Amino acid sequence: MKNRELKSAVVLCGGMGRRMGSDKGLLVMDGRTFIEIITDRLLEYFSEVAVVFRDSSQACNYRDLLDSSIRVLTDEVPGVGPLGGIFTALGRISGSAALFLPCDSPLVTLEFLLNMKDAFRVMGDRCDAIVPCRDGLPEPLHSIYSVKIRDHIKGLLAKNERRVRVLLDSIESCRLDAISLDPTLRSFRNFNRPEDLRI
């Protein structure tokens, strides 16, 4: 990564939402869908925002919810999970890197976004990925990835390796304490089951 301003952000929205029983980006909080909440927040601080869907059919379900400036992408390699979404986006963004977020993190805070942008400004030139860690464990879907690792991801997928944590262990990843990025840890709150919506 070159040491520069982080301009791109990507929302990974291709999951099936089996545990939730529905497409998680379409869940509603305070009268707005998760995808609207997240993308509206990102548009305030990033000049390029993209959403990766599993296919064009899923993307159509979101058409009326996305700002016209948002780039709509679909998985180039279908059915391989978040790693496939990262692979797709890294080949399509205009910047040298992007912050990735899952579509079920509507509580992402301004503080987290600005701290991640600051982290990129300081260490982006020496890291393939900048990864928050909670209790020593990485939060790979709330991380910054460089476009230069795309070929490496392609190699992992060719070997049927889909785990993002395997990617992190095989590249130069800089890890940061999640609490230093968001003391409330709200940014990392995921919604996986219907009962999780009772906050």
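Residue numbers (full-length UniProt numbering): 1 to 199. Where a beta carbon is used, it is the ideal one built from N, C-alpha and C, also for glycine. Given the structure is predicted, the values throughout are model-derived calculations rather than measurements.
Segment limits, alpha helix (DSSP H) that includes residue i
| i | result |
| --- | --- |
| residue 46 | Note, residue 46: premise wrong, no alpha helix (DSSP H); not H, not E. |
| residue 82 | 82-90 |
| residue 120 | 110-123 |
| residue 160 | Residue 160 -> no alpha helix (DSSP H), and no H or E assigned at all. |
8 Å CB neighbourhood of residue i in its chain, flanking five on each side removed
| i | result |
| --- | --- |
| residue 70 | 39, 43, 49, 50, 51 |
| residue 190 | 102, 104, 105, 196 |
| residue 75 | 14, 52, 53, 54, 55, 84, 85, 88 |
| residue 183 | 111 |
| residue 35 | 11, 13, 25, 26, 51, 62, 65, 66, 103 |
Residues of its chain near residue i, where Cβ-Cβ distance is below 7 Å and the 5 sequence neighbours each way are ignored
| i | result |
| --- | --- |
| residue 187 | 105, 107, 108, 109, 112, 142 |
Nearest residue (CA-CA) to residue i, options the options
| i | options | result |
| --- | --- | --- |
| residue 27 | 4, 61, 114, 6 | 61 |
| residue 149 | 72, 171, 135, 115 | 171 |
| residue 169 | 181, 137, 185 | 137 |
| residue 7 | 91, 133, 182, 98 | 98 |
| residue 178 | 153, 35, 134 | 134 |
| residue 94 | 154, 47, 174, 125 | 47 |
| residue 66 | 90, 79, 25, 174 | 25 |
| residue 154 | 91, 73, 114, 176 | 91 |
Sheet register partners of residue i (DSSP bridge)
| i | result |
| --- | --- |
| residue 146 | 97 |
| residue 102 | 12 |
| residue 52 | 12, 73 |
DSSP three-state assignment for residue i, whether helix, strand or coil
| i | result |
| --- | --- |
| residue 4 | coil |
| residue 166 | helix |
| residue 71 | strand |
| residue 32 | strand |
| residue 140 | helix |
| residue 191 | coil |
| residue 107 | coil |
| residue 182 | coil |
| residue 41 | helix |
| residue 63 | helix |
| residue 155 | helix |
| residue 79 | coil |
| residue 26 | helix |
Same chain only: Cβ atoms within 6 Å of residue i, ignoring 5 sequence neighbours per side
| i | result |
| --- | --- |
| residue 83 | 162, 164 |
| residue 117 | 6 |
| residue 3 | A caution first: residue 3 carries a pLDDT of 46, below 50, which makes its placement in the model too unreliable to give a value. |
Residue range of the beta strand (DSSP E) that includes residue i
| i | result |
| --- | --- |
| residue 174 | 173-177 |
| residue 134 | 129-134 |
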